[in-house]
Amino acid sequence: MDFVLRIVFFLLIGAAAGGLLTAAGKLFFVKTDETVEKITEALPGANCGGCGFAGCSDYAAAIASGAAKPNLCSPGGLEVNKKISAIMGVAVEESEPMTAYVHCNGCESATSDKYVYAGTKSCIAAEKFYNGKGSCSFGCIGFGDCVKVCDEGAIEIKDGTAVINPSKCIACGKCVKTCPNHLISLKKKSAATAVRCSSQDIGKITRTVCKNGCIACGICVKKCPEGAMSLNSNHAEIDYKKCTSCGICAQSCPVKCIEMLQKCS
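For the sequence shown, my numbering assigns the number 208 to the initial residue and increments by one for each residue that follows.
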């Protein structure tokens, strides 16, 4: 009889606990936004941050609240844009395809090392030792941290410098965040000009450490008919909102650190 009473006692405790859990679940239930869930499902789930948000769920919440446009997901492209636009009931607003670009042409034939580095083969690790092994403190270190984080195989090290294949790049921005010298940026694929230097040294020093470096002479600024060129931290920069890819800057650059690119759609 005692045995039966014990079983009944434990059954009653279990039932009471279950009831409490059910009540707590209803009391603290947080209703989720179905729109956010649908948008999150439509997104590729890369959580790359290329849209400017911490992850896909944050971006989905921003779209649902009207704080972000549906066309900011570069990895998802036009197909994801269409799905999200349909969920939101808005017209599809196409975005300009983007690609990552490395603003450095410090290849092995143009520059040299200032010391022999024997540490971990990582750009981030090497940068902690006097800004890397290269004679240019602002150049590509060349150990390929960007290569390792690229899931698309769009980056490779050529002649000591990272080079990006725009036909493979989905503009997720992982390489941009990884480069310790901040040499990589996202630009429009249709933009046919780019500056391959990020040196912040004065022109005389830049040319001493790298034959391909920008001397900040300002000729490109003067020649650009659209006012798209400027000098920032001792190197030329292009405002792609103004640039028409006429190529005058590349033609006028005396050190040829501005290049004309093959357009890639």
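Glycine included, every Cβ here is placed at the ideal spot set by N, Cα and C. These numbers were taken from a predicted model, which means no experiment stands behind them.
*What runs of the alpha helix (DSSP H), each 4 residues or longer, lie entirely inside the segment 213-298?*
241-249, 263-271 and 284-295
*Which first and last residues belong to the beta strand (DSSP E) in which Ile455 is found?*
Position 248 of the sequence shown, counted from the first residue, corresponds to residue 455. For Ile455, there is no enclosing beta strand (DSSP E); the enclosing alpha helix (DSSP H) covers residues Ile455 to Ser459.
_Runs of 3 residues minimum, wholly inside the segment 417-458: which ones carry the beta strand (DSSP E) assignment?_
436-439 and 442-445
*asked:* Quick check on Lys381: buried or exposed, where buried means 16 or more other Cβ atoms within 10 Å of its Cβ?
replied: Your numbering for residue 381 matches position 174 in the sequence shown. Buried: at least 16 other Cβ atoms inside 10 Å.
*What number of angstroms, rounded off, separates the C-alpha of Ala333 from the C-alpha of Ala399?*
Within the sequence shown, numbered from 1, the residue matching residue 333 stands at position 126. Within the sequence shown, numbered from 1, the residue matching residue 399 stands at position 192. Answer to the nearest angstrom: the Cα atoms are 32 Å apart.
*Assess, as a yes-or-no matter, whether the segment 242-250 is touched by the segment 270-280 under the definition of 3 or more beta carbon pairs within less than 8 Å.*
Segments in contact, yes.
*asked:* Spatial neighbours of Ala269 within its chain, please: C-beta separation below 7 Å, excluding the five flanking residues on both sides.
replied: Stepping through the sequence shown from its first residue, residue 269 is reached at position 62. Only Phe260 and Ala275 meet the Cβ criterion.
*asked:* List, from N- to C-terminal side, the beta strand (DSSP E) runs of 3 residues or more that fit wholly inside the segment 347-411.
replied: Taking only runs of at least 3 residues, the beta strand (DSSP E) segments lying wholly in the segment 347-411 are 362-365, 368-371, 391-395 and 400-402.
*Residues of its chain near Val354, where Cβ-Cβ distance is below 6 Å and the 5 sequence neighbours each way are ignored*: Translated into the one-based positions of the sequence shown, residue 354 becomes position 147. Once the five neighbours on either side are set aside, the close Cβ partners of Val354 are Ile362.
*Are at least three pairs of beta-carbons, each pair with one atom in the segment 407-419 and one in the segment 383-395, less than 8 Å apart?*
Between the segment 407-419 and the segment 383-395 there are fewer than three C-beta pairs closer than 8 Å, too few to call the two in contact.
_Coil, strand or helix - His413 by DSSP_ = In the sequence shown, counting from the first residue as 1, residue 413 sits at position 206. For the sequence presented, residue 413 should be read as Thr rather than His. Looking at Thr413 - three-state DSSP - the assignment turns out to be helix.
*Over the uninterrupted beta strand (DSSP E) stretch that includes Ala307, give me the two end residues.*
Position 100 of the sequence shown, counting from 1, holds the residue named residue 307. Residues Met305 to Val309.
*Is the segment 402-409 close to the segment 440-450, with three or more CB pairs under 8 Å?*
Touching, yes, given that three or more Cβ pairs across the two stretches are closer than 8 Å.
*In the DSSP assignment, what residue or residues form a beta bridge with Glu466?*
For the purposes of this step, residue 466 is taken as the residue at position 259 of the sequence shown. DSSP lists Ala401 as partners of Glu466.
*Counting only the same chain and skipping the five closest in sequence on each side, list residues whose C-beta sits under 6 Å from that of Cys471.*
Taking the first residue of the sequence shown as position 1, residue 471 is located at position 264. Here the model assigns Cys471 a pLDDT of 36, short of 50, so the residue's position is not dependable and the matter cannot be decided.
*Cβ of Ser316 within 9 Å of Cβ of Asp352?*
In the sequence shown, residue 316 corresponds to position 109, counting from 1. In the sequence shown, residue 352 corresponds to position 145, counting from 1. No; because the gap between Cβ atoms is not below 9 Å, this pair is not in contact.
*Taking Ala333 as part of the alpha helix (DSSP H), name the residues at either end of that continuous run.*
Within the sequence shown, residue 333 is the residue found at index 126, counting from 1. Start and end: Cys330 to Glu334.
*What residues in its chain sit with their C-beta under 7 Å from that of Ser292, if we drop five residues either side in the sequence?*
Position 85 of the sequence shown, counted from the first residue, corresponds to residue 292. Closer than 7 Å at the Cβ level, and outside the excluded window around Ser292, lie Pro277, Ala298 and Val299.
*Take Cys431 and list the residues in its own chain whose beta-carbon comes closer than 7 Å to its own, dropping the five residues that flank it on each side.*
If you number the sequence shown from 1, residue 431 lands on position 224. The residues are Ile455 and Cys456.
*asked:* Just to confirm my understanding: we take Gly483, look at its own chain, exclude 5 residues before and 5 after, and list those with CB closer than 6 Å. What are they?
replied: What the structure shows of the chain is the stretch from 208 to 472, and residue 483 is not part of that stretch, so it cannot be assessed.
*So who's on the other strand from Gly341, going by DSSP bridges?*
Working through the sequence shown from its first residue, we reach residue 341 at position 134. Note: Gly341 sits in a beta bridge opposite Asp320.
*So, is Thr229 buried or exposed, given that buried needs 16 or more other C-beta atoms within 10 angstroms?*
Position 22 of the sequence shown, counting from 1, holds the residue named residue 229. It is exposed - the Cβ of Thr229 has fewer than 16 other Cβ atoms within 10 Å.
*Alpha carbon to alpha carbon, how far is Ala271 from Glu241? Give it in angstroms, no decimals.*
Residue numbering aside, residue 241 sits at position 34 when the sequence shown is read from its first letter. Residue numbering aside, residue 271 sits at position 64 when the sequence shown is read from its first letter. Glu241 and Ala271 have their C-alpha atoms some 10 Å from each other.
*Does the distance from the C-beta atom of Cys311 to that of Gly346 stay below 9 Å?*
Here the question's residue 311 lines up with position 104 in the sequence shown. Here the question's residue 346 lines up with position 139 in the sequence shown. Yes; because the gap between Cβ atoms is below 9 Å, this pair is in contact.
*Would a C-beta distance cut-off of 9 Å place Lys321 and Gly341 closer than the cut-off?*
By 1-based counting over the sequence shown, the position of residue 321 is 114. By 1-based counting over the sequence shown, the position of residue 341 is 134. Cβ atoms of Lys321 and Gly341: closer than 9 Å.
*asked:* What does the alpha-carbon distance come out to for the pair Cys460 and Cys427?
replied: Mapped onto the sequence shown, residue 460 falls at position 253. Mapped onto the sequence shown, residue 427 falls at position 220. Between Cys460 and Cys427, the C-alpha separation is close to 6 Å.
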